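A.B. asks: Got a structure here, written out as structure tokens. Questions coming.
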């Protein structure tokens, strides 16, 4: 287009006396050129975005709660942090002397008869079911979990509200349990389902965080059995994310390819309550 | 004086209380240089330069560049988002600590007289906070990069070495206290206190907000533990984040008050169009 314009005779470019319009060659040459440039830039930008989105999806950089305006922020945060946090980066660990004397909790333990029966019986009848995209769906008793190689770590746990404490967690690395059941290569998320309670919270981790060496299925806290209010008999501890990702009172762990079938399809109950799915901030 | 003398320097010097002959010589020299650098700038020639008024000079380049204007308004919006959402997050736990940990039942350094709103506004607050933070950081990085490349900071914000004496700083402070800072020259260049304030906001307070924000992110400090260890702990980072935010709010209030006193419509108009209104009222409030 610009070539044909430049071939026009000078007389055709005479500015008219009328108000400038798009059709006037003297005006249209730069404006068309601008239009073409803008069009090309938009097309390049759009295809760039499409390619970026495709690559981000392929490398697992899109969180389940990516929709809407806030989804943009959630996606940027997750996509920036996921590659940055290689599985090698470890949450800080502390000394025994730094363990907090006060360890507050949010949310009460389940009040169901079943939970109370488990509690009264020292959780002997409780079992953790691991199913979904695994080769050998299995359920484990608490005693079996305690026989697996145990890890103790003293980490910082921060609530999104702003308060925090340091505590020792003892448990079996989730990655060890996952290796026992044999995870299908199709699995992309690990779902965590606790016992039913008034404010039922459930959630998920991506495979990178699920297989992280500090992600524990914890049954002990500060050298004792995990207290009921802190999630007895078993909670997941995810020290590289905020406290709300460390779900308590677990009964089922399910490996899935897509989180969309659960709840509103946002990966956790937290986005349904207005919080983000990813808790590394 | 720096090599890149321009029209801003002209009015800075006019404002300074130099001996008249020396000032005239300096202004003449600068006007010559400036006319070479700023096409369209009227050169007064041999006439006395005392009569030169800013309004009589046609400026070819805008008061604020397009980058400054666009990033200013995007960041104004994102700052509003950060402020509102930051307050919403604060309401979940309006209490501050020092060190690694802190919670109800442990000693605090500051208890704000605000209600604890558990499970309330911190959900959307956090979503809005991080979205606005991304906008602020992306726009801010673009502004800083462009400011370095176009030498905006060097030309317009970095004070001359000679200005960094106690005498000139205290004069600038007393000019502010007496509100003698809205002369015509203030439409074309920043005064010393403005320069120092903007530089502190851009290069001290906002980086400190980002740093302390990162220091509260468990995933970030797993990768960069020193982000939090040099501050003395995650709760220290939260407390510093809060106080730095207070200074930014103070800046915002003074900034808006100064814009109001200098003429709200004209100054906001200049930050939108880049042009200084032709009929520059010499000083005082906007009476339009």
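Protein chains in written order, with the numbering used here: chain Y, 765 to 1045; chain S, 23 to 310. Note that CB positions come from ideal geometry on N, CA and C, so glycine has one too. Keep in mind the model is a prediction, meaning the values are calculated, not measured.
1) Compute the Euclidean distance between the alpha carbons of residue 900 of chain Y and residue 942 of chain Y, then round it to the nearest angstrom.
2) Using C-beta distances below 7 Å, list every residue in its chain close to residue 111 of chain S, excluding the 5 sequence neighbours before and after it, in chain order.
3) Would you list the one or two residues that DSSP bridges to residue 1017 of chain Y?
4) Excluding the 5 residues flanking residue 1030 of chain Y on each side, which residues of the same chain have their C-beta closer than 7 Å to its C-beta?
5) Which first and last residues belong to the alpha helix (DSSP H) in which residue 191 of chain S is found?
6) For the segment 873 to 892 of chain Y, which residues have a CB atom closer than 7 Å to at least one CB atom of chain S, in sequence order?
7) Quick check on residue 985 of chain Y: does DSSP put it in helix, strand or coil?
8) Spatial neighbours of residue 1002 of chain Y within its chain, please: CB distance less than 7 Å, with the 5 preceding and 5 following residues excluded, ordered by chain position.
9) For the beta strand (DSSP E) containing residue 904 of chain Y, name the first residue and the last one.
10) Is residue 216 of chain S close to chain Y? Criterion is C-beta to C-beta, closer than 8 Å.
11) Mark residue 138 of chain S as exposed unless 16 or more other C-beta atoms lie within 10 angstroms of its C-beta, in which case mark it buried.
12) By the 7 Å beta-carbon criterion, what residues does the segment 120 to 132 of chain S contribute toward chain Y?
13) Which residues in chain Y sit within 8 Å of residue 97 of chain S, going by Cβ to Cβ distance?
14) Could you tell me whether the segment 168 to 184 of chain S touches the segment 121 to 130 of chain S, where touching means 3 or more Cβ pairs closer than 8 Å?
15) Which word fits residue 964 of chain Y, buried or exposed, when buried means at least 16 other C-beta atoms lie within 10 angstroms of its C-beta?
16) Give me the Cβ distance between residue 991 of chain Y and residue 887 of chain Y, rounded to the nearest whole Å; I'm assuming they're in contact under 8 Å.
17) For residue 132 of chain S, list the residues DSSP reports as bridge partners.
18) Indicate whether at least one CB of chain Y lies closer than 8 Å to the CB of residue 144 of chain S.
19) Are any of the Cβ atoms in chain S nearer than 8 Å to that of residue 1037 of chain Y?
20) Give me, in chain order, the residues of the same chain whose beta-carbon lies closer than 7 Å to that of residue 84 of chain S; leave out the 5 immediate sequence neighbours on both sides.
21) From this set, S/294, S/134, S/174 and S/101, which residue's C-alpha is nearest residue 221 of chain S's C-alpha?
22) Do we get a CB-CB distance below 8 Å when we pair residue 782 of chain Y with the residues of chain S?
23) Does residue 908 of chain Y come out as helix, strand or coil in the three-state DSSP assignment?
24) Starting from residue 937 of chain Y, trace the beta strand (DSSP E) both ways and give me its first and last residue.
25) Out of Y/808, Y/1039, Y/817 and Y/821, point me to the one whose CA is closest to residue 1022 of chain Y's CA.
C.D. replies: Quick look at the numbers:
1) Taking the first chain and counting its residues from 1, one reaches residue 900 of chain Y at position 136. Taking the first chain and counting its residues from 1, one reaches residue 942 of chain Y at position 178. Straight-line Cα distance between these residues: approximately 10 Å.
2) Walking along the second chain from the start, residue 111 of chain S turns up at place 89. 144, 147, 148 and 151.
3) The count along the first chain starts at 1 and reaches residue 1017 of chain Y at position 253. Residue 1017 of chain Y is bridged to Y/894 and Y/956.
4) The residue given as residue 1030 of chain Y occupies position 266 in the first chain. Excluding residues within five positions, the ones whose Cβ falls inside 7 Å are 828, 829, 1036 and 1041.
5) Numbered from its first residue, the second chain carries residue 191 of chain S at position 169. That run of the alpha helix (DSSP H) goes 188 to 199.
6) none
7) Working through the first chain from its first residue, we reach residue 985 of chain Y at position 221. It is a strand residue.
8) Translated into positions along the first chain, residue 1002 of chain Y becomes position 238. If we look at residue 1002 of chain Y and ignore the five residues flanking it on each side, its Cβ neighbours are 969, 973, 979, 1009 and 1010.
9) Residue numbering aside, residue 904 of chain Y sits at position 140 when the first chain is read from its first letter. Residues 902 to 905.
10) For the purposes of this step, residue 216 of chain S is taken as the residue at position 194 of the second chain. Chain Y, which has no Cβ nearer than 8 Å to the Cβ of residue 216 of chain S, makes this no.
11) If you number the second chain from 1, residue 138 of chain S lands on position 116. Exposed, because fewer than 16 other Cβ atoms sit within 10 Å of the Cβ of residue 138 of chain S.
12) 122, 123, 124, 125, 126, 127 and 128
13) What you label residue 97 of chain S is simply residue 75 of the second chain in a count that begins at 1. Those do not exist, as residue 97 of chain S stays about 16 Å from chain Y at its closest Cβ, beyond 8 Å.
14) no
15) The residue given as residue 964 of chain Y occupies position 200 in the first chain. Exposed, because fewer than 16 other Cβ atoms sit within 10 Å of the Cβ of residue 964 of chain Y.
16) Against the first chain, residue 991 of chain Y aligns to sequence position 227. Against the first chain, residue 887 of chain Y aligns to sequence position 123. Not really, about 12 Å apart at Cβ, beyond 8 Å.
17) Position 110 of the second chain, counted from the first residue, corresponds to residue 132 of chain S. Answer is S/118, bridged to residue 132 of chain S.
18) Indexing the second chain from 1 puts residue 144 of chain S at position 122. Yes, contact with chain Y.
19) Taking the first residue of the first chain as position 1, residue 1037 of chain Y is located at position 273. Closer than 8 Å: yes.
20) Indexing the second chain from 1 puts residue 84 of chain S at position 62. Answer for residue 84 of chain S: 296 and 297, listed in chain order.
21) Taking the first residue of the second chain as position 1, residue 221 of chain S is located at position 199. Measuring from the Cα of residue 221 of chain S, the nearest candidate turns out to be S/174.
22) In the first chain, counting from the first residue as 1, residue 782 of chain Y sits at position 18. The pLDDT assigned to residue 782 of chain Y is 47, lower than 50, so where the model puts this residue is not dependable, and the model offers no usable value.
23) Against the first chain, residue 908 of chain Y aligns to sequence position 144. Note: residue 908 of chain Y maps to helix in three-state DSSP.
24) If you number the first chain from 1, residue 937 of chain Y lands on position 173. From DSSP, the beta strand (DSSP E) with residue 937 of chain Y extends over 928 to 937.
25) Here residue 1022 of chain Y refers to the residue found at position 258 of the first chain. Of the listed residues, the one whose Cα sits closest to residue 1022 of chain Y is Y/821.
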